[in-house]
Amino acid sequence: MDKLSQIRSQLPALSAQVYLNTGTAGPLPEPVRAAMVESLAAQAAEGRIAAEYYVKLSQLKAQVRAKHAAMLGCEPEEIALTQNTTDGMNLVTLGVNWQPGDEAITTNLEHQGALFPLFAARERYNITIKIADVRDRPAEAPAVIERLITPRTKLISLSHVSYITGAVLPIREIAEVAHRHGVLVLVDGAQSFGAIPVNVKELGVDFYAVTAQKWLCGPEGAGALYGSRAAAAQLRITFAGYFTAQAWDMYSGLLPRGGVHKLEQGTVQPANLAGQLAACRWLTEEVGVDWAYDRIRRLAAAAREILAGVPGVTVVTPAESAGLVTFQVESDPERVVRALAQQRIIVRTVPHPRSLRLSAGFFNTEEELERLAAALRTLARGA
740 MDKLSQIRSQ
750 LPALSAQVYL
760 NTGTAGPLPE
770 PVRAAMVESL
780 AAQAAEGRIA
790 AEYYVKLSQL
800 KAQVRAKHAA
810 MLGCEPEEIA
820 LTQNTTDGMN
830 LVTLGVNWQP
840 GDEAITTNLE
850 HQGALFPLFA
860 ARERYNITIK
870 IADVRDRPAE
880 APAVIERLIT
890 PRTKLISLSH
900 VSYITGAVLP
910 IREIAEVAHR
920 HGVLVLVDGA
930 QSFGAIPVNV
940 KELGVDFYAV
950 TAQKWLCGPE
960 GAGALYGSRA
970 AAAQLRITFA
980 GYFTAQAWDM
990 YSGLLPRGGV
1000 HKLEQGTVQP
1010 ANLAGQLAAC
1020 RWLTEEVGVD
1030 WAYDRIRRLA
1040 AAAREILAGV
1050 PGVTVVTPAE
1060 SAGLVTFQVE
1070 SDPERVVRAL
1080 AQQRIIVRTV
1090 PHPRSLRLSA
1100 GFFNTEEELE
1110 RLAAALRTLA
1120 RGA
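For what it's worth, this note's numbering labels the leading residue of the sequence shown as 740, then goes sequentially.
Right, here's the structure in full:
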């Protein structure tokens, strides 16, 4: 059995459909399912109140932090465990020491997970949100963003890979611009982590939020947040819980844990952590991240080429992209998604402009892309 066949054999969901929506949620690998089931079985058999249970939970958290740190190019002390990317975006955005009249900058390529925390900050602190129009010119984002910066700008919040167009933004250059003006940079890594190489130190960002359920093929309810020590020291605690403090008393309050660890709050489900760790190990040790990144890149390029040959289809995604490929059709996108789903071909719609989006996972094949193209041709003839 070749490597691709071996990998696909560990993804049972692939036998039921053409799985082209990893950008929403990746298929759950058998090793991840097994790790989660084992964790739940142990909780049921042994209970959840023994001292050893909490020792093991602490060790599991440390392992997950260490694995994410290795994948992101930072130290475990710079990783906080979160529920998902949106959780990390909220923890940072609402933790900035905002004053009325302060400003944040984002782009018109963002997911609600980045935008809604900014909206909440505007409601709470009366800040101004500026939108950088980079939809058709992502490579120009550093210059476009710099023109929006003023002395009141405190945060630039944006995606590494746009969930709408699939474009990869020049994050390193944007971070350099931001830091020349003393502005913090928060990156939504939902569509980059596990799809393209990410080294937060090389990118020079202050915060980078990721999730487990997409390109990592892990469980929902599991994520991580990178925060540099210097940047984390500038954040206020967004939500406080048992794990926020390293010491406390009833009268003088709490002494927060160091760095981004002060952003961790309360009880987590060990099965989620076990699945998160298993997904990291599966991708890095069995699949191989370099193999995965290369395959995603090649399949996404193939998808753009194949779709460009389908009458009535316009590819939106630029060449500088990751695993997402967005395209427009002449008929209603929602209707097309439903029709494709009836043929067990799973894609999704995205807004602004209304389009369809596929995700080229490392486990997909060119034959699956050709099957999508054939289905689109048939639907176009019947429109």
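Cβ atoms here follow ideal geometry from the backbone N, Cα and C, with glycine treated the same way.
What's the C-alpha gap between GLU791 and LEU799?
12 Å
Stretch pair the stretch 1036-1043 + the stretch 1053-1072: three plus CB contacts closer than 8 Å:
yes
Tell me whether the stretch 854-863 and the stretch 950-964 touch, counting them as touching only if at least three CB pairs, one residue from each stretch, are closer than 8 Å.
no
Using the C-alpha atoms, what's the distance from VAL757 back to GLU1107?
6 Å
Examine the Cβ distances between the stretch 987-998 and the stretch 942-959 and report whether three or more of them are shorter than 8 Å.
no
Between the stretch 891-909 and the stretch 873-882, do at least 3 Cβ pairs fall closer than 8 Å?
yes
Can you tell me the Cα-Cα spacing of LYS1001 and ALA984, whole angstroms?
7 Å
May I have the straight-line CA-CA distance separating ARG747 from GLN1082, to the nearest angstrom?
20 Å
Identify every residue that forms a DSSP beta bridge with SER748.
DSSP output for SER748 lists no bridge partner at all.
In whole angstroms, what is the alpha-carbon distance linking GLU1024 and ALA808?
15 Å
Bounding residues of the alpha helix (DSSP H) (the contiguous stretch that carries GLY998):
Run containing GLY998: none; DSSP gives neither H nor E here.
What's the C-alpha gap between HIS1091 and LEU848?
8 Å
For PHE1102, name the three-state secondary structure that DSSP assigns.
coil
Flag this pair as yes or no: are the beta carbons of PHE946 and GLY827 separated by less than 9 Å?
yes
Can you grab the Cα-Cα spacing for the pair ILE935 / PRO1057, in whole Å?
15 Å
Assuming GLY1014 is part of the beta strand (DSSP E), what are its boundary residues?
Per DSSP, GLY1014 belongs to no beta strand (DSSP E); it is in the alpha helix (DSSP H), 1009-1020.
Per the contact definition of three or more C-beta pairs closer than 8 Å, is the stretch 1007-1017 in contact with the stretch 1065-1079?
no
Would GLY943 and VAL924 qualify as a contact pair, given that the criterion is a beta-carbon distance under 9 Å?
yes
Among ILE1045, ARG1043 and VAL1068, which has the Cα closest to the Cα of VAL1052?
VAL1068
Among PRO768, GLU912 and ARG863, nearest to ILE884 - alpha-carbon criterion
GLU912
Same chain only: Cβ atoms within 6 Å of ALA917, ignoring 5 sequence neighbours per side:
ILE895 and VAL924
Taking VAL835 as the reference, which of GLY762, PHE978, ASN823 and PRO770 has the closest Cα?
PHE978
Do GLY840 and THR867 have their beta-carbon atoms positioned less than 9 Å apart in this structure?
yes
Kindly provide the ranges of any alpha helix (DSSP H) runs that are 4 or more residues long and lie completely inside the stretch 925-997, ordered along the chain.
939-942 and 968-971
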